[in-house]
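Residue numbers (this note's numbering), protein chains in the order written: chain A, 41 to 899; chain B, 36 to 436.
Here you go:
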């Protein structure tokens, strides 16, 4: 056998024959390429093979070395021999107290990426087996600071970790930041991960860190405008983003319609944004996944908070019962109502602008193999421009997650979740008590997810499972408000649907240079009764005159099935140690759409499920990226190119009635489109100056393809979508002036968003009307804004009980008047004494610099 | 501390008053041309007029720009009996039906237009429905608040006019939509002396006084006033449909009175005409869409834009823009006299039915009247002493006026 291999490959093999005495090989093994042949021999024999020169190979027994001190200059701990060509490595060792050298019993090692939690035994010993690769590893022990390490595993090895009570955090932060070269080695592209340390450094908005607003500064992501609700990813609308908080989707991600994000950043430990190559375990929305995780697994009570001009917040994390239970409670509340009510103006006294939110997470470490977590979140907003029409909305999220580890190779997570979003508009003009009304709408979302992670063999990591979602939508109920109201109750029909999916994906590590993730998701969607379905005349536009019948369906009767097979592929090839090339393709279907014909997401928007007359949105995305780090990962750069093809986009007719419309389908149009773009990204990780800059050129185009004039937009020609802002430049930088003072600035420039403007005017019946241009023919002036913030940290001592920092920030430093929207308006008769005037107006949200002052603290 | 609080309050104001707006004059370049068709035929005897104009660029000054009439077109109406009626251009852009054109309830009508530039336009075929009449009308004493352009709250007292409709239509029958065009004619007359005030006492300096009277007509609603088109609704009846609000005080109208606006409400006559049009589906949709434009008030959550398309199309070039409406609606015209005053403590509003008539265009007259008896009047050739009589329709057959 050995002779045959030697002859075929013109090499010489050295080994002791007794090492292979118990093994039998097929002769065809020798026909394999040399690398593969040697790999199999090593695997079967548990030997290592050293290449002495191109023609000489020596088999030797595997030596398990101690790699405890094998850190490189960047602080990465290298485990295993680089020449080991194995894909799963066994790591063992001890965790010991740095001061005393004593083994730590009950210390915990966590690798989030693999969902691995290991507790050390009495002698401080541990062992686990993981695929080769680079990981963030966390060490926790009661009374000790959490210790974060980066390990690069290429083979088996022994590692003794030392933990110290007095870890110097600042250094730790520097070390961690410098070695994050995951951007190169992970298979996923178009992915941005922020851990709690990066979150700490995020820019401040109105004196506090805002996760979602920070996300809008990343390449390919754009905000809806000044304080707009939600964000657009690669030319997709805001409802195309799946915002998951502890596995449950959040339907309205902002407070006060965008003034602040709905998530209290203090409790957030990890944020992942996926823009392309979305793994098969995610579905539901076509543009992106923003996955937010709460809780830092602290070892002792941790309190964070802040006092601001608009709101204050507090976040508390408590470990209990030897860290077996972790409790997180966070809350925020605005006090703008109190301020408004102090105003010496009758109208303002009755105005309201307030919000609060509360979130809680309980993590139970039942035993080494079982974990349970319970999560709850509630937010409430009230907002009104005048005393007559207050808006209210609230979000309720809840989830229970149970994780079971069967063995080192298999674990599962079962989660049950609920998300509820409600909003209502009240019209309570005291002068018109007979016309007072309220409109309520709501979404109830229930889901069950079961996910298995399985490492069956070297090179493979499988994720598979199923999830099922029940949607219940109440698009709107109009009802009288007050006993004097004559308004008749008007109800739009509820919508119900079940979306179920099974999926599988395999993360394949072909070699250290090459990896791929290949997945498939099969989604089955059922639109359920009770409901009425409009039947339209054949070969005619879908207008109300062409409704020929309405079919009624009973409760839970399947009205329409939609099925979707969704391949997901990501591929990575490392060109060298500092650069890699990635490709991805994904197909996703979306069965819930936000129907909006307003300039911003508004309470009058309505969610609509896919139905017989509204087909599901389908998106195919292709992306390619080149990633390269410089100067020992001090600088990260990337260039990504993407192309998206969208089918069944829901557009609306001119003058569509969105709210309280039982024949909403007659106001909707089917469109298709494409988005493409190129994103340049440069990030500096270390030094006194840190931050990133990104430039994106992108387009987002839509068109209808109906043969009927009534169903055409712009005569079926392609037109820019509302999210089409070709040029977008972001510069976000933080300068550490001294150890305590830091200055941060964020500059944002983008092309003005497309708008439709009146082009012509004419008189008809004694009134003036206008004729609007083709949809989105014009653009608002370009947008640019500079925000700055200066922060002073009171103390850097770790043992200090109370650590505070003062932040003074100015939004819109040079007072740029960025128009938010443009509208055509006629004055009311009373205002103009029965003489109507018409004009085009532009509206600003912020037209001058806004200073804010915040005190943040932690203890 | 006080200053600090003020800063905070000012900051809050920034967020609360999101609607910081200013007039916007963007550069709009378009070579788009649009034909505007404004036509109405009803169940009344004609002649009816079809007005053809061209839309103007937005930047045109709306006050000074002349209407762009479209002359020289061939305009005809073909009815459901295949009879063709040619219209004659009696004045530029205005095409009138001839005396031979009579409409018939239940018949259909289609408008055809051939313009000089070779384009051929055609309307949908529109049916003339039976005229509907409201069952009852009433006025309710109402005080309204509104914000003026300086964001000050102003109050207006007047009458909200309501109608009840369709009581006699059986349940589950289709209910047509109605459009109300309600005009309030404000008639006033007043006398006053030329005088000066000293120490709280009025000193009259002439032995004659001024007498003036006039009238002006205003549309009651600033948007199109329409009722819902109902199909398959169990209850046809519409109660308390508001057709508009009319202030009592002359100063709340844009009245160009000769002597200012201090007109005592007791001398005023409010003549309200109600044209109730019964619309077919196309017309209903048009006016519903028209209201989207007319009622846009620039709130942050308003729809982005709303195109208003009618029932006309260009036959030879579907891309050619034609706007407006060829309306085929039956009409019922009624009139009431409205009595009410801001100072009436009983807050009663009385509506008396009266004869419908077309009030002439707004006018105002002023003349001098001697204080003394006619035989004592000095001879004065001042033409201002020539009295002007009230128009014959002035009292609307109501002796109490």
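Glycine residues also receive a C-beta, built at the ideal position from the N, C-alpha and C atoms. Quantities reported herein were computed from a predicted structural model and do not represent experimental measurements.
Quiz prompt | residue 26(A) in three-state terms, based on DSSP | solution = The displayed coordinates of chain A run from 41 to 899. Any statement about residue 26(A) would go beyond what the structure contains.
Quiz item: Is there at least one Cβ from chain A nearer than 9 angstroms to residue 348(B)'s Cβ?
Solution: Taking the first residue of the second chain as 1, we reach residue 348(B) at position 313. For residue 348(B), the answer is yes, since a Cβ of chain A falls inside 9 angstroms of its Cβ.
Exercise. Have a look at 633(A), 647(A), 679(A), 629(A) and flag the residue whose alpha-carbon is nearest the alpha-carbon of residue 661(A).
Key: Position 621 of the first chain, counted from the first residue, corresponds to residue 661(A). Here the closest residue by C-alpha is 629(A).
Self-check item: From 423(B), 150(B), 140(B), 419(B), residue whose alpha carbon lies closest to that of residue 71(B)
Solution: Your numbering for residue 71(B) matches position 36 in the second chain. Among 423(B), 150(B), 140(B), 419(B), the Cα nearest to that of residue 71(B) is on 150(B).
Self-check item: Element boundaries [beta strand (DSSP E), containing residue 854(A)]
Solution: By one-based count along the first chain, residue 854(A) stands at place 814. That residue, residue 854(A), is in no beta strand (DSSP E); it is neither H nor E in DSSP.
Self-check item: Strand pairing of residue 859(A), partner residues [DSSP]
Solution: Taking the first residue of the first chain as 1, we reach residue 859(A) at position 819. Partner(s): 884(A).
Quiz item: Between which two residues does the beta strand (DSSP E) carrying residue 255(A) extend?
Solution: In the first chain, the residue the question calls residue 255(A) occupies position 215. Note, residue 255(A): premise wrong, no beta strand (DSSP E); alpha helix (DSSP H) at 251-255.
Quiz item: Tell me the DSSP bridge mates of residue 245(B)?
Solution: Locating residue 245(B) in the second chain gives position 210, where the first residue counts as 1. Paired residue(s): 227(B), 403(B).
Practice problem: Give a yes or no on whether the C-beta atoms belonging to residue 610(A) and residue 676(A) are separated by under 9 angstroms. | Solution: Counted from its first residue, the first chain places residue 610(A) at position 570. Counted from its first residue, the first chain places residue 676(A) at position 636. No, these two residues do not count as a Cβ contact at 9 angstroms.
Exercise. Counting only the same chain and skipping the five closest in sequence on each side, list residues whose C-beta sits under 7 angstroms from that of residue 11(B).
Key: Beyond the ends of chain B as shown, which are 36 and 436, falls residue 11(B); an answer cannot be given.
Quiz item: What beta strand (DSSP E) runs, 3 residues minimum, are completely inside the region 389-436 of chain A?
Solution: 393-407, 410-423
Quiz item: In angstroms, rounded to a whole number, what distance separates the CA positions of residue 109(B) and residue 148(B)?
Solution: Taking the second chain and counting its residues from 1, the one referred to as residue 109(B) is at position 74. Taking the second chain and counting its residues from 1, the one referred to as residue 148(B) is at position 113. Each residue's alpha carbon lies about 6 angstroms from the other.
Self-check item: C-alpha distance - residue 433(B) paired with residue 423(A), whole-angstrom precision
Solution: Taking the second chain and counting its residues from 1, one reaches residue 433(B) at position 398. Taking the first chain and counting its residues from 1, one reaches residue 423(A) at position 383. Roughly 52 angstroms separates the two Cα atoms.
Self-check item: Through-space distance from residue 401(A) to residue 494(A), alpha-carbon basis
Solution: For the purposes of this step, residue 494(A) is taken as the residue at position 454 of the first chain. For the purposes of this step, residue 401(A) is taken as the residue at position 361 of the first chain. Each residue's Cα considered, the two are about 27 angstroms apart.
Quiz item: For the region 353-381 of chain B, which residues have a CB atom closer than 8 angstroms to at least one CB atom of chain A, in sequence order?
Solution: Considering only beta carbons, the part of the region 353-381 of chain B lying closer than 8 angstroms to chain A consists of 353, 354, 356, 358, 359, 360, in chain order.
Self-check item: Separation of residue 696(A) from residue 531(A), as counted between CA atoms
Solution: Position 491 of the first chain holds residue 531(A). Position 656 of the first chain holds residue 696(A). Rounded to the nearest angstrom, the two C-alpha atoms are 18 angstroms apart.
Quiz item: Any chance the region 297-312 of chain A sits against the region 246-263 of chain A, with 3 or more Cβ pairs inside 8 angstroms?
Solution: yes
Self-check item: Beta-carbon proximity check, residue 964(A) vs residue 713(A), cutoff 9 angstroms
Solution: What the structure shows of chain A is the stretch from 41 to 899, and residue 964(A) is not part of that stretch, so it cannot be assessed.
Quiz item: Taking Cβ positions, are residue 66(B) and residue 161(B) nearer each other than 9 angstroms?
Solution: Residue mapping note: residue 66(B) aligns to position 31 of the second chain, counting from 1. Residue mapping note: residue 161(B) aligns to position 126 of the second chain, counting from 1. For residue 66(B) and residue 161(B), no; Cβs fall outside 9 angstroms.
Practice problem: Label residue 424(B) either buried or exposed according to how many other C-beta atoms from any shown protein chain fall within 10 Å of its C-beta, with 16 as the threshold for buried. | Solution: Locating residue 424(B) in the second chain gives position 389, where the first residue counts as 1. When all chains shown are included, residue 424(B) counts as exposed.
Quiz item: Beta-carbon of residue 168(A) versus every beta-carbon of chain B: anything under 9 angstroms?
Solution: Locating residue 168(A) in the first chain gives position 128, where the first residue counts as 1. False, the Cβ-Cβ gap to chain B never drops below 9 angstroms.
Quiz prompt | Closest Cα partner of residue 167(A) within the set 150(A), 174(A), 176(A), 182(A) | solution = In the first chain, residue 167(A) corresponds to position 127, counting from 1. Check the Cα spacing between residue 167(A) and each of 150(A), 174(A), 176(A), 182(A): the tightest is with 150(A).
Quiz prompt | Cut-off 6 angstroms between Cβ atoms - residues of its own chain near residue 175(A), not counting five sequence neighbours on either side | solution = Against the first chain, residue 175(A) aligns to sequence position 135. Within the same chain, residue 175(A) has close Cβ partners 151, 153, 191.
Practice problem: Would you verify that the beta carbon of residue 694(A) is, or is not, closer than 9 angstroms to some beta carbon of chain B? | Solution: Residue mapping note: residue 694(A) aligns to position 654 of the first chain, counting from 1. Chain B contact via Cβ: present.
Quiz prompt | Amino acids of chain B, ordered along the chain, whose beta-carbon sits closer than 8 angstroms to that of residue 741(A) | solution = Walking along the first chain from the start, residue 741(A) turns up at place 701. Those within 8 angstroms of residue 741(A) in chain B number zero; the least Cβ separation is about 18 angstroms.
Quiz item: Along the region 800-812 of chain A, what residues have a CB closer than 9 angstroms to any CB found in chain B?
Solution: 800, 801, 802, 803, 804, 805, 806, 807, 808, 809, 810, 811, 812
Quiz item: What residues from chain B crowd round residue 420(A), counting only those whose CB sits closer than 9 angstroms?
Solution: Here residue 420(A) is taken as the residue at index 380 of the first chain, counted from 1. Near residue 420(A) there are no residues of chain B at all, since even the closest Cβ is about 18 angstroms away, more than 9 angstroms.
Quiz item: Taking all protein chains shown into account, do 16 or more other C-beta atoms lie within 10 angstroms of the C-beta of residue 79(B), making it buried, or fewer, making it exposed?
Solution: Residue 79(B) sits at position 44 when you count from the first residue of the second chain. By the neighbour-count rule (16 or more Cβ atoms within 10 Å), residue 79(B) is not buried but exposed.
Quiz item: Between which two residues does the beta strand (DSSP E) harbouring residue 557(A) extend?
Solution: Position 517 of the first chain holds residue 557(A). Residues 554-568.
Self-check item: Counterpart residues of residue 683(A) in DSSP-defined beta bridges
Solution: The sequence position of residue 683(A) within the first chain is 643, counting from 1. DSSP output for residue 683(A) lists 662(A), 716(A) as bridge partner(s).
Quiz item: Can you tell which of 157(B), 381(B), 430(B) has its C-alpha closest to the C-alpha of residue 356(B)?
Solution: Position 321 of the second chain, counted from the first residue, corresponds to residue 356(B). For the residues 157(B), 381(B), 430(B), the minimum Cα distance to residue 356(B) belongs to 157(B).
Practice problem: Tell me whether residue 534(A) sits in a helix, a strand or coil according to DSSP, three-state version. | Solution: The sequence position of residue 534(A) within the first chain is 494, counting from 1. Residue 534(A): coil per DSSP, three-state reduction.
Self-check item: Beta-carbon spacing of residue 361(B), residue 146(B) below 9 angstroms
Solution: Along the second chain, one-based indexing puts residue 361(B) at 326. Along the second chain, one-based indexing puts residue 146(B) at 111. Going by C-beta atoms, residue 361(B) is nearer than 9 angstroms to residue 146(B).
Quiz item: Taking 9 angstroms as the CB-CB limit, is residue 139(B) close to chain C?
Solution: In summary, chain C is missing from the structure at hand, where the protein chains are A and B.
Quiz prompt | Reduced DSSP secondary structure (H/G/I, E/B, other) of residue 132(B) | solution = Here residue 132(B) corresponds to residue number 97 of the second chain, with the count starting at 1. Residue 132(B): coil per DSSP, three-state reduction.
Quiz item: Are residue 659(A) and residue 622(A) close, meaning C-beta to C-beta below 9 angstroms?
Solution: As a first step, residue 659(A) must be located in the first chain, where it is residue number 619. As a first step, residue 622(A) must be located in the first chain, where it is residue number 582. No; because the gap between Cβ atoms is not below 9 angstroms, this pair is not in contact.
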